[in-house]
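Asks:
Number of protein chains: 2
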Amino acid sequence: MKGKATSFDIAHYAGVSQSTVSRALRGSPLVNEETRRRVVEVARKLNYKVDKNASNLRAQQSSTLAVLLFEDPTSDESQINPFFLSMLGSITRACAKAGYDLLVSFQSSSNDWHADYAESHRADGIILLGYGDYIDYQSKFDRLLESNTKFVCWGANVEGRPELTVSCDNSRGGTLVAEHFIELGRTDCAFIGDTSHHSPEFSARFNGFAERLKAHGVHVSERKIATAISTEESGYQATKSLLANNIKFTALFGASDLIAIGAIRALQEAGLRVPHDVSVVGFDDLAVARFCTPPLSTIQQNTTLAGQMLVANLLNLIADQEVDVASSVLPPQLIVRQSSK
Amino acid sequence: MKGKATSFDIAHYAGVSQSTVSRALRGSPLVNEETRRRVVEVARKLNYKVDKNASNLRAQQSSTLAVLLFEDPTSDESQINPFFLSMLGSITRACAKAGYDLLVSFQSSSNDWHADYAESHRADGIILLGYGDYIDYQSKFDRLLESNTKFVCWGANVEGRPELTVSCDNSRGGTLVAEHFIELGRTDCAFIGDTSHHSPEFSARFNGFAERLKAHGVHVSERKIATAISTEESGYQATKSLLANNIKFTALFGASDLIAIGAIRALQEAGLRVPHDVSVVGFDDLAVARFCTPPLSTIQQNTTLAGQMLVANLLNLIADQEVDVASSVLPPQLIVRQSSK
DNA sequence: TCCTCATCTGACACCGGTGTCATAATGTTG
DNA sequence: CAACATTATGACACCGGTGTCAGATGAGGA
Numbered sequence: 028m029k030g031k032a033t034s035f036d037i038a039h040y041a042g043v044s045q046s047t048v049s050r051a052l053r054g055s056p057l058v059n060e061e062t063r064r065r066v067v068e069v070a071r072k073l074n075y076k077v078d079k080n081a082s083n084l085r086a087q088q089s090s091t092l093a094v095l096l097f098e099d100p101t102s103d104e105s106q107i108n109p110f111f112l113s114m115l116g117s118i119t120r121a122c123a124k125a126g127y128d129l130l131v132s133f134q135s136s137s138n139d140w141h142a143d144y145a146e147s148h149r150a151d152g153i154i155l156l157g158y159g160d161y162i163d164y165q166s167k168f169d170r171l172l173e174s175n176t177k178f179v180c181w182g183a184n185v186e187g188r189p190e191l192t193v194s195c196d197n198s199r200g201g202t203l204v205a206e207h208f209i210e211l212g213r214t215d216c217a218f219i220g221d222t223s224h225h226s227p228e229f230s231a232r233f234n235g236f237a238e239r240l241k242a243h244g245v246h247v248s249e250r251k252i253a254t255a256i257s258t259e260e261s262g263y264q265a266t267k268s269l270l271a272n273n274i275k276f277t278a279l280f281g282a283s284d285l286i287a288i289g290a291i292r293a294l295q296e297a298g299l300r301v302p303h304d305v306s307v308v309g310f311d312d313l314a315v316a317r318f319c320t321p322p323l324s325t326i327q328q329n330t331t332l333a334g335q336m337l338v339a340n341l342l343n344l345i346a347d348q349e350v351d352v353a354s355s356v357l358p359p360q361l362i363v364r365q366s367s368k
Numbered sequence: 028m029k030g031k032a033t034s035f036d037i038a039h040y041a042g043v044s045q046s047t048v049s050r051a052l053r054g055s056p057l058v059n060e061e062t063r064r065r066v067v068e069v070a071r072k073l074n075y076k077v078d079k080n081a082s083n084l085r086a087q088q089s090s091t092l093a094v095l096l097f098e099d100p101t102s103d104e105s106q107i108n109p110f111f112l113s114m115l116g117s118i119t120r121a122c123a124k125a126g127y128d129l130l131v132s133f134q135s136s137s138n139d140w141h142a143d144y145a146e147s148h149r150a151d152g153i154i155l156l157g158y159g160d161y162i163d164y165q166s167k168f169d170r171l172l173e174s175n176t177k178f179v180c181w182g183a184n185v186e187g188r189p190e191l192t193v194s195c196d197n198s199r200g201g202t203l204v205a206e207h208f209i210e211l212g213r214t215d216c217a218f219i220g221d222t223s224h225h226s227p228e229f230s231a232r233f234n235g236f237a238e239r240l241k242a243h244g245v246h247v248s249e250r251k252i253a254t255a256i257s258t259e260e261s262g263y264q265a266t267k268s269l270l271a272n273n274i275k276f277t278a279l280f281g282a283s284d285l286i287a288i289g290a291i292r293a294l295q296e297a298g299l300r301v302p303h304d305v306s307v308v309g310f311d312d313l314a315v316a317r318f319c320t321p322p323l324s325t326i327q328q329n330t331t332l333a334g335q336m337l338v339a340n341l342l343n344l345i346a347d348q349e350v351d352v353a354s355s356v357l358p359p360q361l362i363v364r365q366s367s368k
């Protein structure tokens, strides 16, 4: 036997037809149990493996999902947002459990391969990560919708199609932070992130935060808001600019952990103690959060559940089944560590 | 036009045969330039995409590589070693650049799918990550070699097949740490990691470290070595056990950053100041290293280059071409931060 | 004019499975 | 025992491309 064994080889050695081999190996009820045993035995001996390409071609599907991780093309290529990497882990597992393979690709805004994976039958569906940070994502969505590509997206909303999104309840997360600060008696708050519609996740976090404070009779001053993207450096710079303008606050909400970590660095450099002078809370609960100094209080997003939901919803879409929209908004959780008190 | 357009559709509209369409779209010199233009134009209009399954089936290859990340099945599933995730990023990019797709899978020792990806024609070759931490990896390698699967491996050696491995010069890394400690005048050293053959990378780090110290006339006492796997918790526990036995040292080399971070926590809890009382150096240069307190001195592994080498070498293996073994051992670099002085 | 050669194109077998349909073998019923 | 249902199997078309081979066309040379 040179090369890989095919189902014809199995058929030959088992003394049956190739059709029967195919049926036997896939558990069709149409084949006699005794025959099946013989076929399975021969297949095992010849180390037979179904050729995925042939199988996929015929079945017109790929048993494969693709993850497209959007990357800001300006950022250093070694700096992949750890939050998405952690999500990637749980997506991988959820895929494996469902019998799907996972293609991974890091995309930048410049290329337009988004629909290609589906259109070339390489993947049955697509999971989009990181599009909440991408300004012109709606145009990408349009392209995908137009080509009838099955996809789900983390964080960013697709207009009028709530079933395509899985997200953390960002607004609720902001609320939790506000309540934590209220409890600490520190309502003189700064916010580092993005309050514009360009960043739907960050602005939702801010809105939940600001509204809860407002209900408590406190207004978050415009002056105490600084814009940053989700990197340590950006958080550092934004915070530094607030301090340079001599703006005072006793609590700081960073729209992501990386921002908060950068903020802490800026505060410490300015001689402010965390949490003594300023309480800091982040968002994400990256692995880093536990290790930084002081350990960072943060809003935990359940990435394991998120990955599972993304995969489950996508598979439902592929199977043309209902998606439970309500449960696709995941509850965040406040984790209090030493950076806030 | 319902469903996706096929090459027959293009042929029909362009007024040529299907064969010509296939040739035209793949740049065959056999087709007239004028004809090609017409075909390409029609294909663009109909949004035609080559069906990867059909193409792969016929061509008997997949234009896809697979990354298998080995995971210790005992570890918490949310805790994927960030070092490998960072490598994954660069592998993804290197693949994309070479026109290959990337399948990602997290494997545990329990399943034996390693060769499946290749045997089922889902991937042309396999990249193994994390096998240096896996005790019985050689048996997996045997299985892959037996089935003639093309693969490359990070860190772990495949007996007699140096061309299958890409690794950091771990021994050299250990040497750099030793030289750093010598320079600091802190030669009373502890080592947290694994000096046994079970962990080829950790033991190489230790050997380079110990030999350099020996050349300087210093012996690393057995008593100052504690065994740990690459997690923060394990590093913490190992260090704690040294301290519990009242063992003194002025420098500590953690075989990985996670170990070193755990060690710092144990030291600080015991009232020891880092770096005042103990200088600590890790290995990897995870993103965390910069953010922990004090920022961690460490040996940087160039994950970008590593990913590129892994992909390049694997593609060479697939094409039955020579692999440059010498350049597959990557130079490490010492990064000095505040944890050592 | 006839032959040769280069250039371009179409017909067709093939990759390795899957699913449908026809049919043989066996059992069941009136 | 005829009529029919059930079970198990094989033959075959098909998925959508790729690569080979044969043939058509036109130019150039004898």
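If you read the protein sequences in the order shown, they are chains P and S.
Sequential numbering of the first sequence, starting at 28, is according to this note's numbering.
Sequential numbering of the second sequence, starting at 28, is according to this note's numbering.
The beta carbon of each residue, even a glycine, is placed where N, CA and C say it ideally should be.
1) Strictly below 7 Å CB to CB, what residues from chain S border P/R149?
2) Between S/K124 and chain P, is there a C-beta pair that is closer than 7 Å?
3) Using the C-alpha atoms, what's the distance from S/L171 back to S/F178?
4) Check the Cβ-Cβ distances between S/N43 and every residue of chain P, and say whether any is below 7 Å.
5) Examine chain P for any beta-carbon lying closer than 7 Å to the beta-carbon of S/C195, and answer yes or no.
6) Using a Cβ-Cβ cut-off of 8 Å (strictly less than) and excluding sequence neighbours within five positions of S/P322, which residues of its own chain qualify?
7) Are S/C22 and S/L337 closer than 7 Å when you measure CB to CB?
8) List the endpoints of the continuous alpha helix (DSSP H) containing S/S113.
9) Have a look at P/N83, P/Q328 and P/G42 and flag the residue whose alpha-carbon is nearest the alpha-carbon of P/R361.
10) Kindly indicate which three-state DSSP category P/T11 falls into: helix, strand or coil?
11) P/F280 and P/V305 look like a contact to me (Cβ under 8 Å); what is the Cβ gap, rounded to whole Å?
12) Distance check for S/I209 and P/E104, CA to CA, integer angstroms please.
13) Identify the contact partners of P/A287 in chain S, using a Cβ-Cβ distance below 8 Å as the criterion.
14) Tell me, please, whether the CB atom of S/F318 is closer than 7 Å to any CB atom in chain P?
15) Examine the Cβ distances between the segment 138-153 of chain P and the segment 68-79 of chain S and report whether three or more of them are shorter than 8 Å.
16) Should the segment 218-232 of chain P be regarded as contacting the segment 191-205 of chain P, the criterion being three or more beta carbon pairs within less than 8 Å?
17) Below 8 Å, how does it come out for the segment 242-249 of chain S and the segment 212-226 of chain S: are there three or more Cβ pairs, yes or no?
18) Hey, out of P/I107, P/N80, P/A121 and P/V185, whose CA is closest to P/S147's CA?
19) Using 7 Å as the limit for Cβ to Cβ distance, is S/V247 near chain P?
20) When the cut-off is 7 Å and only beta carbons count, does P/F110 lie next to chain S?
21) Where S/V301 and S/V307 are concerned, what is the direct C-alpha to C-alpha distance, given to the nearest angstrom?
22) Suppose you measure from the CA of P/I118 to the CA of S/V58; what does that come to, to the nearest Å?
23) Taking 7 Å as the CB-CB cut-off, is S/L294 touching chain P?
24) Which value, in whole angstroms, describes the spacing of the CA atoms of S/S44 and P/N175?
25) Out of S/E68, S/L112, S/L130 and S/A121, point me to the one whose CA is closest to S/T91's CA.
26) Suppose contacts are defined by Cβ-Cβ distances below 7 Å. Is P/Y40 in contact with P/F97 by that definition?
27) Exposed or buried, which one is S/Q134 when buried takes at least 16 other CB atoms within 10 Å?
28) From what residue to what residue does the beta strand (DSSP E) around P/A217 run?
29) Going by other Cβ atoms of all chains shown within 10 Å of its Cβ, with 16 needed for buried, is P/Q87 buried or exposed?
30) Based on Cα-Cα distance, which residue from S/S223, S/A32 and S/S89 lies nearest to S/G126?
31) Just to confirm, is the Cβ distance from P/A255 to P/I286 under 7 Å?
32) So, with DSSP's three-state summary, where would you put S/E98?
33) What three-state label does DSSP hand P/V307 in the structure shown?
34) What residue range does the alpha helix (DSSP H) around S/S34 cover?
35) Do you know whose CA, among P/L342, P/P109 and P/D78, lies nearest P/G30's CA?
36) Closer than 6 Å to a non-hydrogen atom of the ligand MN - does that hold for the CB of S/S198?
Replies: Considering the structure as presented:
1) On the first sequence, position 122 is the one that residue 149 of chain P refers to. Near P/R149 (Cβ distances below 7 Å), the residues of chain S are K79 and D128.
2) By one-based count along the second sequence, residue 124 of chain S stands at place 97. For S/K124, the nearest beta carbon of chain P is not closer than 7 Å to its own beta carbon.
3) Here residue 178 of chain S is taken as the residue at index 151 of the second sequence, counted from 1. Here residue 171 of chain S is taken as the residue at index 144 of the second sequence, counted from 1. Looking at the two C-alpha atoms, the distance is approximately 8 Å.
4) Indexing the second sequence from 1 puts residue 43 of chain S at position 16. With the sequence shown as reference, residue 43 of chain S is identified as Val, and Asn is not the correct amino acid for it. Cβ-Cβ to chain P under 7 Å: no for S/V43.
5) On the second sequence, residue 195 of chain S is found 168 positions in, with the first residue counted as 1. So, not an interface residue.
6) What you label residue 322 of chain S is simply residue 295 of the second sequence in a count that begins at 1. Here the set comprises A316, R364, Q365 and S366.
7) Summary: the structure shown does not reach residue 22 of chain S, with chain S confined to residues 28 through 368, and so no result is reported for it.
8) Position 86 of the second sequence holds residue 113 of chain S. It spans P109 to K124 - the alpha helix (DSSP H) in which S/S113 sits, taken as one unbroken run.
9) Taking the first residue of the first sequence as position 1, residue 361 of chain P is located at position 334. Contrary to the premise, residue 361 of chain P reads as Leu rather than Arg in this sequence. Of P/N83, P/Q328 and P/G42, the residue nearest in Cα terms is P/Q328.
10) Because chain P in this structure spans residues 28 to 368, residue 11 of chain P falls outside the shown range and cannot be described.
11) The sequence position of residue 280 of chain P within the first sequence is 253, counting from 1. The sequence position of residue 305 of chain P within the first sequence is 278, counting from 1. Not confirmed; about 11 Å, so no contact.
12) Here residue 104 of chain P refers to the residue found at position 77 of the first sequence. Here residue 209 of chain S refers to the residue found at position 182 of the second sequence. With a pLDDT of only 49 at P/E104, under the threshold of 50, the placement of this residue in the model should not be trusted; the figure read from the coordinates follows. For P/E104 and S/I209, the distance between alpha carbons rounds to 35 Å.
13) Here residue 287 of chain P refers to the residue found at position 260 of the first sequence. By Cβ distance, chain S contributes nothing, its closest Cβ being about 11 Å from P/A287, past 8 Å.
14) Residue mapping note: residue 318 of chain S aligns to position 291 of the second sequence, counting from 1. With 7 Å as the cut-off, S/F318 counts as an interface residue toward chain P.
15) Yes: at least three Cβ pairs fall under 8 Å.
16) Cβ pair count under 8 Å is three or more, so yes.
17) Touching, yes.
18) Residue mapping note: residue 147 of chain P aligns to position 120 of the first sequence, counting from 1. Of the listed residues, the one whose Cα sits closest to P/S147 is P/N80.
19) Here residue 247 of chain S is taken as the residue at index 220 of the second sequence, counted from 1. Under the Cβ criterion of 7 Å, S/V247 is not counted among the residues facing chain P.
20) In the first sequence, the residue the question calls residue 110 of chain P occupies position 83. It does not; no Cβ of chain S falls within 7 Å.
21) As a working mapping, residue 301 of chain S is identified with position 274 in the second sequence. As a working mapping, residue 307 of chain S is identified with position 280 in the second sequence. Near 7 Å, if we compare the C-alpha coordinates of S/V307 and S/V301.
22) What you label residue 118 of chain P is simply residue 91 of the first sequence in a count that begins at 1. What you label residue 58 of chain S is simply residue 31 of the second sequence in a count that begins at 1. The straight-line gap from Cα to Cα measures roughly 44 Å.
23) Reading the second sequence from its first residue, position 267 is the one you call residue 294 of chain S. No, its Cβ sits nowhere closer than 7 Å to a Cβ of chain P.
24) Along the second sequence, one-based indexing puts residue 44 of chain S at 17. Along the first sequence, one-based indexing puts residue 175 of chain P at 148. Rounded to whole angstroms, the separation of the alpha carbons of P/N175 and S/S44 is 28 Å.
25) Stepping through the second sequence from its first residue, residue 91 of chain S is reached at position 64. When the alpha-carbon of S/T91 is set against those of S/E68, S/L112, S/L130 and S/A121, the nearest one is in S/L130.
26) One-based indexing of the first sequence puts residue 40 of chain P at position 13. One-based indexing of the first sequence puts residue 97 of chain P at position 70. No, Cβ-Cβ distance for P/Y40 and P/F97 is not below 7 Å.
27) Position 107 of the second sequence, counting from 1, holds the residue named residue 134 of chain S. By the Cβ neighbour-count rule, S/Q134 is buried, with 16 or more other Cβ atoms within 10 Å of its own.
28) Against the first sequence, residue 217 of chain P aligns to sequence position 190. Where P/A217 is concerned, the enclosing beta strand (DSSP E) stretches over C216 to G220.
29) Residue mapping note: residue 87 of chain P aligns to position 60 of the first sequence, counting from 1. Label assigned to P/Q87: exposed.
30) Translated into the one-based positions of the second sequence, residue 126 of chain S becomes position 99. Among S/S223, S/A32 and S/S89, the Cα nearest to that of S/G126 belongs to S/S89.
31) Here residue 255 of chain P is taken as the residue at index 228 of the first sequence, counted from 1. Here residue 286 of chain P is taken as the residue at index 259 of the first sequence, counted from 1. Their beta carbons are under 7 Å apart, which means P/A255 touches P/I286 by this criterion.
32) Within the second sequence, the letter at position 71 stands for residue 98 of chain S. In the structure shown, S/E98 sits in a strand (DSSP, three-state: E or B).
33) In the first sequence, the residue the question calls residue 307 of chain P occupies position 280. Note: P/V307 maps to strand in three-state DSSP.
34) The residue labelled residue 34 of chain S in the question sits at position 7 within the second sequence. S/S34 -> alpha helix (DSSP H) spans S34 to A41.
35) The count along the first sequence starts at 1 and reaches residue 30 of chain P at position 3. Closest option to P/G30, judged by alpha-carbon separation, among P/L342, P/P109 and P/D78: P/D78.
36) Ligands are entirely absent from the displayed structure, and the ligand MN is therefore not among its contents.
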